[in-house]
Every structure is written in C-alpha cells, then in structure tokens.
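Here's the structure we're looking at; comments come further down.
Residue numbers (the numbering used here): 789 to 1496.
Written as structure tokens, this is what we have:
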C-alpha cells in the first residue's frame, strides 16, 4: 500500500505542484523511457502528462524555457534536450517514472544510460518525419536491452501530418510487427482526437470523455481491430483458443494478451497523439498503465557477487543492489548520483558498499528526482529510481550494495567516442584545474574521454560529435570556471630511418675558467622489434664509460622531440664508435650535447621518413549509400579488407590512415542523413607517402623557423 510522505512545496516554481510524493512499492512502479529522434515531441509529451495528472498547474513550453524536463541552462539556450531528466507522475495509484532522453545523436550516451534502467520504452515517431535516425537508434537500443516497446505517432496536428505514411516508414525498416491500438480522428489542423480500437470508442481532446466512433471512421476501425485482436490472442495460448472459438476477445483480454505479447514477442502497439496540444493523453496513460510491466515482472538480472554469479529478482527482501546510471557534477550542490534499486531497499542515513570501487559510501539523505527538484524521502523501494548527493567516489556504472554481498551489476556498452579535438587551457589557473575537471566530466559521461598524446604533446578530448564537445566545454566553463581553447588535433606521426647514417660532433665552449669539451662519433641504423638500442663500441678508451650515460640521455631527449618534423623517433639503433675528451674541460653536459647533435646530423643522413597510424575501420551504412561511401573511402587512401551485407545494411571493413579520419563523424552523418555508423581502433603504423611526408616536414621546418 502507498504510504503518504508530505513534503514542503517549492514556491520558487509556481507552476509546479510538487507538494508531496508517496512511497511506492515495486508492483506500483513503472519506469518508462521516452526515446526518439530530436524534435519528435518527447519533452512536450512529458509536459502534457505532468499537466494532465496535476503535477504542474500550467503547461510549460520550450520557447518560454519553462518545461520541467529541459531545466539546464544550456538546454534552454539551444532549445533541445541534452540530458536525461526524471519526471515521476502519479496516475491510477501507480508511479510512472518518465525518463525524457535527448534525441540528437551526439547525446546517445544519455539514451543508453536511461534504457539500462527502464522497464518499457515509449518510442515517439514524428507524423511528418516518419522513421528518423534517432528513432531508429532508440528502437535498436530498446531491442538490445530487451525491454517492451510502445510506439506513438506524435504531432498529428502538424501541417503535412500523415499517419499511414509515418507508420509505413517504420514498417519498411524494422523487423518488429506494428499493431495499431488507436487510429487518428482526422489529420493536420483537423486532428481532433483518437479512436481506441480496444474499447471501440472515440476520444476527443485529452481523451477524458468517450463517445461513439463517427460513421466515417467505422469501417477502418473494425478492420484495424481484427488485426489487434489477432495479435493479442497470440500473447497467450488460452486467449488463442478462445479467439478461435468466439472470433473475438473482451477489452480486458486484449490488454492481457498484448501485455504478454510485447514482453515475449516482436509486437509493438501503436498509439497516436498530439502531445504539444495535449490530445490523446489519457488514452496514452491508460495504455502505459495496462501494458508497461512493473520492475517485478521483468526477468531476473544476472549479477556477480562474493558467492559468484547470481540472479537478482526485484524485491525488497532481496540483497541490496542499486545501479548508478547517471551522475551530475555541480560545484555548488556537489555530485548528484542517480540510481535504480534492482534488489533490496535504499534508506537514508545508511552506509553502503561501492562494489565497483571497493569503498564505503554514506547516504546522508535519499531523494526522488523531479526534473531539477530533489524531493527527500526516507526509503527507495526495489525497482524505483532515486538520487543522493555528495557521494565521494561513486560514478556512473557503479553498484551500491553491502560489503558482505559485494554485488556488481552489469554495465552497458557505450558507443566509442570518435570525434576528437585538442584542448589548451587559456590561463595558468585553468591549467591547474584542467586535469581534475576533465576527469570529473568523463566520470559523469561514459561517451566522453580524454588523454595526453605524448607524440604531439596535445591534450585530446574525445566525444560523439561537435555538438557533444561544444556542450561539454560550455558546461566546464559555466560550472567549473574552466576556460579551454580548442585546436585541430595533430596526427601522432613517428620518425623512422631507412638506412645507416653516421656523424661526429664536437662541443667546445670556453667562457673563462674551466670550459666544456666533448666529441662524439656515432653510427645509427634501423632496427625492428625494439624501439631503441644503445651500445658503447669505442676502443682504446677514447671516451670514458662514465660519459656514456649522458650521451644516451642526450640522444633519448632528441628522440622524444623528433628531428625532421617534431615527432618521436622510433626503431633506431645507436652505436658510439669514437670520440675525444679533455682532461680538464670534459663534463657530462658537454657529452650530452655532443651526443644529441651528432644524432641529429646522422639521422638526417639516414634517409628519414615519417610513419603514420593506420586505423581499423568498420563503416555500417544503408545499402543505398554503399556506392557513395566506397567512393569517399577511396579518396581517403583506404584499403578495403572486406564487405558484408545484412538486413539492408552494408558494413565495409578497411584500413585507413588516421589523418584521413579526423572529421569522419561529421562527414559520414552528412553523406547518410545520420544513418551511417562507424567504429575505429588503432591497427599499425605505415610509411607516409613521400610527397605527403615532404609537405609535413617542410611545414615543420617553417614553423620552427618562424618561432626562432
């Protein structure tokens, strides 16, 4: 039974009616993720649901920057969702945790995290755009996580809205069976409401009042209902038998069959709405209540524990296991940690064990997130979503449990961050906090990464695309006062030699008193399998052995900096063959300098070449784009290793130089309308073509000359 917990309202949000939140048991919880392409109407759908259920007193809008979902300053500035927000609503004594996700491809990591903790996916399809790439991605992830799907053809009031065309666009591209549960009453400006095929009633406006189906829609509705009843009958054997006997099912039986069918087969029920205008909201909520499973109805979760592999059922009496699916860093309120309880209960003022980090954390006060508001509660039951502030070590993907159980829940696979920029701090104070802030941001966002590239001396930031990187940079500036400059990333070339070279260099410096003297003769040669070898092959004691260390140090320093293009030297062997020393003026520094300069001269004589990183790339595109992609890859010096085609998608495997792939994320999206995907990882180094290498070396020499 729900237990009332009264909370003080937040008077700063006068359109919010968040005056209390109940405590809900597992059976009364529904975790529903809204996912689709950008601008399909997810945020306004949530806004209409909040208003309809009385959670808000007026309807917010994206234009006025007053929606409950898009509360972040950057979201309001851009007019799009950038982060997943949690909005719980109460309807028919159930708590529906609505997870509103971004639709723009750059923020797919937010979709992955939300899908990981959702128990049902509400997929929105724009009535004009049909199946767009973000919606396709949402469907694929819902399939990956094995959660039931319900589809809404939304924005039926738009100019050029076309229900049948939108439905066909999805049917043509996915394997799942789309079964309409509702039909639209009119389209575009004439869209008035929905026809419910379960009850065979019409619902105008928000759907609170039922009426008879208008005569003009009766025949279409009866035909569509037959398909619906057949699909529902397939959900259970007993229903199938009854359908064969009677030729029909009751509304309750239809819902019963559909509930099983969407969990156990590839059926997706299809609804219609105009979320921004609040049309079809009650029928949508009724469908979610009837079809979306509670956390307790889903299969047990596989996890690891101190006792080995275990299966966790969603129940309060089970061992504690809460999965951290989202963290947000904020300098004022500290880190906010969002979690879903998969087993057991989470209570305030308790200590838990972070099994991922192997450290204890104290939960000072647990909360229920409502957009940007946090409502304190005393307990979060199994299956519910909660939040807690100011944990010390916990980050996204961690499991909170007890030290005795030491349970870890599986972490989803996130897409690789393939778009890169080089970053520099603007000031000395920015430099001091850059590393710490970047680490905090990457802990928050699994699709973000950063590293120091030794070969180019650049700090690289990796993300899903230019928008993603831009948002991250803005957040670091606003929240942590870290100002960074972005630069074009350099390719980490390597300098090699192709033949032997030799040189002698004498370092002599006399400035009064004792001077500096050292002369080194050396030979260099290409080697394989090792990066560097150094040998003392001087006969007759021309150079004391205690000067070999400084000579090697000088050479190693040059190898780090490069000789002809400013990139590290690799696969070189050095033999010291002769030299001279002075009984008074010879010093370690003199031989370090002599060794360094002799190496530079010999290197230039040994036919230096550049090597470049070659990446193993797999590009997956619709078959229709295959020709364009192949042509484009050929211009990028790609060597195609093979091709596969499956389910209308072609995958090209190729070796491509990294220098040709720097902005491929943006280019591929442009060529495929966002439907192309690629993976890329380092494979090996190869020699750069002579003409290109010469241009790179000349540019480096010019750069060095200008800096003198």
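We put the beta carbon where it would ideally sit given N, CA and C, even for glycine. Model, not experiment: these values are computed from the prediction.
Quiz prompt | Contact check, residue 1486 vs residue 1252, beta carbons under 7 angstroms | solution = no
Quiz prompt | Rounded C-alpha distance that separates residue 1319 from residue 1050 | solution = 58 angstroms
Self-check item: Endpoints, the beta strand (DSSP E) within which residue 1057 is located
Solution: 1055-1060
Quiz prompt | Span of the alpha helix (DSSP H), counted from its first residue to its last, around residue 921 | solution = 921-933
Quiz prompt | Other residues of its chain near residue 1162: CB distance less than 8 angstroms, five sequence neighbours each side excluded | solution = 1124, 1155, 1156, 1175 and 1177
Quiz prompt | Residue burial classification, residue 1379 (beta-carbon count within 10 angstroms, cutoff 16) | solution = buried
Quiz prompt | Boundaries of the alpha helix (DSSP H) in which residue 1383 is found, first to last residue | solution = 1376-1393
Exercise. Please state whether DSSP places residue 1046 in a helix, a strand or coil.
Key: helix
Self-check item: Start-end ranges of the beta strand (DSSP E) lying completely within the segment 1148-1236, minimum 3 residues
Solution: 1154-1158, 1161-1164, 1173-1177, 1187-1189 and 1207-1213
Exercise. Tell me the start and end of each unbroken beta strand (DSSP E) in the segment 1257-1301 that is at least 3 residues and wholly inside, in chain order.
Key: 1272-1275, 1282-1285 and 1289-1297
Quiz item: How about residue 903 and residue 929: do their beta carbons lie closer than 7 angstroms?
Solution: yes
Quiz item: With respect to the beta strand (DSSP E) encompassing residue 970, which residues constitute its N-terminal and C-terminal limits?
Solution: 970-973
Quiz item: Touch check for the segment 1415-1427 and the segment 1438-1454: three-plus C-beta pairs under 8 angstroms?
Solution: yes
Quiz item: In the structure shown, what three-state DSSP assignment does residue 1031 receive?
Solution: helix
Practice problem: Would you kindly check if the distance between the Cβ of residue 1311 and the Cβ of residue 1365 is under 7 angstroms? | Solution: yes
Self-check item: residue 939: first and last residue of the uninterrupted beta strand (DSSP E) it sits in
Solution: 937-942
Practice problem: Name, in chain order, the residues that DSSP records as bridge partners for residue 1452. | Solution: Bridge partners of residue 1452: none, in fact.
Self-check item: Those residues which DSSP pairs with residue 1441 across a bridge
Solution: 1406 and 1430
Quiz item: Are the segment 1394-1408 and the segment 1346-1358 in contact at 8 angstroms, needing three or more beta carbon pairs?
Solution: yes
Quiz item: What number of angstroms, rounded off, separates the C-alpha of residue 1098 from the C-alpha of residue 1199?
Solution: 16 angstroms
Practice problem: From the DSSP output, read off the bridge partner residues of residue 1036. | Solution: Residue 1036 is not bridged to any residue.
Self-check item: Cβ neighbour criterion (16 or more within 10 Å) applied to residue 824
Solution: buried
Quiz item: Is DSSP giving residue 1095 helix, strand or coil here?
Solution: coil
Self-check item: For residue 1002 and residue 900, the rounded distance between their alpha carbons
Solution: 42 angstroms
Quiz item: For residue 1250, which residues of its own chain have a beta-carbon under 6 angstroms away from its beta-carbon, when the five flanking residues on both sides are left out?
Solution: 1205, 1208 and 1237
Practice problem: Could you have a look at residue 903 and say whether DSSP puts it in helix, strand or coil? | Solution: helix
Quiz item: How would you write the range of the alpha helix (DSSP H) that residue 1331 sits in, first residue to last?
Solution: Careful: residue 1331 lies outside any alpha helix (DSSP H) and carries neither H nor E.
Quiz item: My guess is that residue 911 and residue 926 are in contact by the Cβ rule of under 8 angstroms, so how many angstroms apart are they, rounded?
Solution: 6 angstroms
Quiz item: By how many angstroms is the C-alpha of residue 1391 removed from the C-alpha of residue 1286?
Solution: 10 angstroms
Exercise. Out of 1109, 1173, 1337 and 1326, state which residue places its alpha-carbon closest to the alpha-carbon of residue 1377.
Key: 1337
Quiz prompt | Beta-bridge partners of residue 1363, as assigned by DSSP | solution = 1311 and 1323
Quiz item: Candidates 1020, 884 and 1062: which alpha carbon is nearest residue 946's?
Solution: 1062
Quiz item: Can the beta-carbon of residue 922 be found closer than 7 angstroms to that of residue 891?
Solution: yes
Quiz item: Comparing alpha-carbon positions, which option in 1468, 972 and 1343 lies nearest residue 1384?
Solution: 1343
Quiz item: Do three or more CB pairs link the segment 1032-1039 to the segment 873-891 at distances below 8 angstroms?
Solution: no
Self-check item: Option in 834, 1283, 1268 and 1288 with minimal Cα separation from residue 1474
Solution: 1283
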